[in-house]
Amino acid sequence: MNIEIINLCKSFGDHKVLDNLSLDLKSGETTVIIGRSGCGKSVLLKHIVGLMKPDSGQVIIDGVDITKLSGKELNKLRMRVSMLFQGAALFDSLTIGENVGFALYEHSSIGKRQIAKRVKECLEMVGLRDVEELKPAALSGGMKKRVGLARAICINPAIILYDEPTTGVDPIMGDAVNNLIRNLHDKLKVTSIAVTHDMVSAYKIANRIAMLYDGKIIFTGTPGQVKNTKDPIVKQFITGASEGPITNGEHINH
Amino acid sequence: MIRNNLISIGEKCLDIVQYIGGTTMLFVKTLAWIPAPPIKRRQILSQMKKIGVDSLPIVFLTALFTGIVLALQSAYQMQKLGAEMYIASLVSLSMTRELGPVLTALVVAGRVGASITAELGTMRVTEQIDALETLATNPIKYLVVPRFIALVIMLPVLTIYADFIGIIGGYIVGVGRLGVSSSMYLRMTWEPLVYKDIFTGLLKALVFAVILCTVACYEGMNAEGGAEGVGKSTTLSVVTSFILIIMADCFITALFYFAFQVG
């Protein structure tokens, strides 16, 4: 599924978060959107899945402008677009099995046994076994992320959105999550969009990297192009330097 | 100075209008989602247990002691007139028409309303409500409707229970302490009661259930700002429910008094 974002604008009060943002995302590719915390990366993802409506602009998925959709049509699209949330957003009151199979239990006519089988398959894909009866509170942060991933792939989506997939997990678990995303991409051939500020993760999973700065996409390129860029803003971000054009005028050392 | 004050008054008015608009919209959407299939029987029953069955002990204690206090306070005056037997009528009428529905609603608002706001608020700030939407599930249908149906059924049931327990409280004082005979006390309890008394009490309970659920769910669904935000929303939910329940009680009582002459 191709995704085309055209002149997307979104403001909260006087603060313009997305300012005429345009971006093309190719089918079957993993695009990583990088940018500083609070620059609007998650807001952009929420527009792609229809959780937020833009002030103006379009998000076109397979020729359909989803910003105009609502109700049943939007839900139909959402059965093909999954999202892994930053904190996994598992439902506390349900078991892991019910969490992973949620969309199937709610919206399909498949029998409970078959759903349980599918849940088991998805959990095994993310390296988890015999956790179906546990509640999310019994799991570690890394395990929750993996369950969130299992929930995202359970409906066989065409697009998966990852909101900070490695935030809040230790570096080793972060690498395991990166490997999982790569494997899922290779196996399922889905279009993936990840937002992160973790460059290790970005280099590992991306086919293409786009940088969001000041409400706009200021750079797109392959991981190799990003590493060798001369663009001072991108360079400051990827090297993590506290001084440079991004922080010009900010007193972040004090 | 004057300009700033006017701006601040204007902003507060806008907040109030926004609140009324938001809660009304939530109520209308909830009503619209109730008949939409599938009906979540398991969730409704689970909420009915949480809201109704689990509230029985606290409603029991509140109603029993209210009945006892009501009988004792009225005994103070009635004994002077030698009219102790009328305590039974006073307790039964006060409980069914006023104290049963209002006290039950306030107790449930404190216990259940707070828990609904805290639960939905936590779901909002941890993105669980967003996750529900991305899984093609309407949060109002999935979260609000079962709680709404459970409250609308269970609050009137709890009110009948509170009426009954309050009358027992009065009976303990009247028969056990003031020497009114058991048969006389029971006769004086039932004699002045008419269907309208019970009906107005239950109608109040129904309205209170709608207020309580709408306010609690609205505050929860709109919580923001992490744990602190959930705390604020929970406090605001209980305070707003308390005020609106007492205002609605006054309004319904006045309406029945002036329009139908039944108080």
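Taken in order, these protein sequences are the chains called A and B.
If you're matching positions, the first sequence starts at 1 in this note's numbering and goes up one per residue.
If you're matching positions, the second sequence starts at 1 in this note's numbering and goes up one per residue.
Virtual Cβ for every residue (Gly too), placed ideally from N, Cα, C.
Closest to residue i by C-alpha separation, out of the options, would be which residue?
i      : options                        : result
T273/A : H197/A, D198/A, N183/A         : Absent from the model: residue 273/A. The displayed extent of chain A is 1 to 254, so no value can be given.
F85/A  : D92/A, S93/A, A152/A, L69/A    : A152/A
I211/B : S237/B, D54/B, P57/B           : S237/B
E121/A : G97/A, P136/A, S108/A          : G97/A
T270/B : I252/B, M247/B, A216/B         : Since the first and last residues shown for chain B are 1 and 263, residue 270/B lies out of range.
L155/B : L93/B, R111/B, A88/B           : R111/B
N75/A  : I155/A, T247/A, F91/A          : I155/A
D65/A  : N7/A, V17/A, I115/A            : N7/A
M188/B : A83/B, M1/B, L56/B, G226/B     : A83/B
L197/B : V230/B, T159/B, Y76/B          : Reading off the sequence, residue 197/B comes out as Asp, not Leu. Cα-wise, what sits closest to D197/B is T159/B.
F242/B : I172/B, N4/B, C213/B           : C213/B
P35/B  : P146/B, T253/B, S92/B, G170/B  : P146/B
Y195/B : V152/B, L93/B, S233/B, A227/B  : L93/B
E4/A   : D130/A, T67/A, R113/A, V195/A  : T67/A
D19/A  : G28/A, N2/A, K216/A, G244/A    : K216/A
A209/B : F65/B, M95/B, V102/B, Y86/B    : V102/B
S233/B : A63/B, I116/B, Q128/B          : I116/B
Y142/B : Y76/B, K12/B, D130/B           : D130/B
Y171/B : F256/B, V91/B, I7/B            : V91/B
P54/A  : K145/A, K16/A, I233/A          : K16/A
E127/B : A227/B, L255/B, L14/B          : A227/B
S11/A  : M83/A, S93/A, C39/A            : C39/A
R42/B  : I115/A, L94/A, Q114/A          : L94/A
I172/A : I115/A, P157/A, S201/A         : S201/A
V264/B : F258/B, A118/B, A109/B, I165/B : Chain B is shown from 1 up to 263; residue 264/B falls before or after that span and cannot be answered.
V28/B  : L120/B, F256/B, L255/B, V144/B : V144/B
R146/A : V131/A, P157/A, F219/A         : V131/A
T334/A : M1/A, K41/A, G13/A             : Absent from the model: residue 334/A. The displayed extent of chain A is 1 to 254, so no value can be given.
L206/B : I153/B, I44/B, P38/B, M184/B   : I153/B
L26/B  : F148/B, I51/B, I87/B           : F148/B
T122/B : K112/A, S109/A, D92/A, Q225/A  : D92/A
L61/B  : Y185/B, F164/B, L255/B         : F164/B
Contact check, residue i vs residue j under 8 Å by CB: the rounded distance?
i      : j      : result
M143/A : L123/A : Wrong, their Cβ atoms sit about 10 Å apart, outside the cutoff.
T31/A  : N207/A : 7 Å
I140/B : T30/B  : 6 Å
I245/B : A105/B : 5 Å
G141/A : V169/A : 5 Å
L45/A  : I205/A : 15 Å between Cβ atoms; not a contact.
V107/B : V59/B  : 6 Å
V126/A : L180/A : 6 Å
I90/A  : G148/A : It should be noted that the sequence gives Leu, not Ile, for residue 90/A. Yes, L90/A and G148/A are in contact; Cβ-Cβ is about 6 Å, under 8 Å.
P192/B : S89/B  : 5 Å
M48/B  : A150/B : 4 Å
D186/A : T166/A : Not quite, the Cβ-Cβ distance comes to about 18 Å (not below 8 Å), so this is no contact.
I68/B  : G169/B : 4 Å
Indicate whether at least one CB of chain E lies closer than 8 Å to the CB of residue i.
i     : result
V17/A : In the structure shown, chain E does not exist; the protein chains are A and B.
Is residue i near the ligand FAD, with its Cβ less than 7 Å from a heavy atom?
i      : result
I110/A : For the structure depicted, the ligand FAD is absent and the ligand set is empty, with no information on it obtainable.
### Task
Could you tell me whether the region 156-171 of chain A touches the region 94-105 of chain A, where touching means 3 or more Cβ pairs closer than 8 Å?
no
### Task
Using a Cβ-Cβ cut-off of less than 7 Å, give me the residues of the region 135-159 of chain B that come near chain A, in sequence order.
L135, A136, T137
### Task
Anything in the region 119-132 of chain B with a Cβ closer than 9 Å to a Cβ of chain A? List those residues in chain order, please.
E119, T122, M123, T126, E127, Q128, I129, D130, A131, L132
### Query
Along the region 39-59 of chain A, what residues have a CB closer than 7 Å to any CB found in chain B?
V49, L51
### Message
Output needed in chain order: residues of the region 104-135 of chain A with a Cβ under 7 Å from some Cβ in chain B.
### Response
E106, H107
### Unbroken stretches of the alpha helix (DSSP H), 4 residues or longer, contained in the region 72-153 of chain A
96-100, 102-107, 112-125, 141-153
### Task
Please list the residues of the region 82-94 of chain A that have a C-beta atom closer than 9 Å to any C-beta atom in chain B, keeping them in chain order.
S82, M83, F85, Q86, G87, A88, A89, L90, F91, D92, S93
### Query
Are the region 200-220 of chain A and the region 29-44 of chain A in contact at 8 Å, needing three or more beta carbon pairs?
yes
### Query
Is it true that the region 123-143 of chain B meets the region 4-24 of chain B, where meeting means three or more beta-carbon pairs spaced less than 8 Å apart?
no
### Query
So, do the region 67-74 of chain B and the region 172-181 of chain B have three or more beta carbon pairs nearer to each other than 8 Å?
yes
### Query
Using a Cβ cut-off of 7 Å, which residues of the region 6-34 of chain A contact any Cβ in chain B, in chain order?
none
### Message
With three or more C-beta pairs closer than 8 Å as the rule, is the region 39-56 of chain A touching the region 226-234 of chain A?
### Response
no
### Query
At a cut of 8 Å, does the region 219-227 of chain B reach the region 199-208 of chain B through at least three beta carbon pairs?
no
### Task
Quick one: which unbroken beta strand (DSSP E) runs of 3-plus residues sit fully inside the region 213-241 of chain A? Chain order, please.
216-221
### Message
Suppose only complete runs of 4+ residues qualify. What are the alpha helix (DSSP H) ranges in the region 97-164 of chain B, listed by chain order?
### Response
100-108, 114-125, 128-134
### Message
Along the region 152-183 of chain A, where does the CB come closer than 7 Å to a CB of chain B? Name the residues.
### Response
none
#### Entry: Members of the region 63-81 of chain A that neighbour chain B once the beta carbon cut-off is set at 7 Å
N75, R78, M79
### Query
Which runs of the alpha helix (DSSP H) spanning at least 4 residues fall entirely within the region 211-262 of chain B, listed in chain order?
226-255
### Message
Suppose only complete runs of 4+ residues qualify. What are the alpha helix (DSSP H) ranges in the region 14-55 of chain B, listed by chain order?
### Response
41-51
### Query
When you check each C-beta in the region 216-248 of chain A against every C-beta of chain B, which residues fall closer than 7 Å?
none
### Query
Which runs of the alpha helix (DSSP H) spanning at least 4 residues fall entirely within the region 153-201 of chain A, listed in chain order?
171-188
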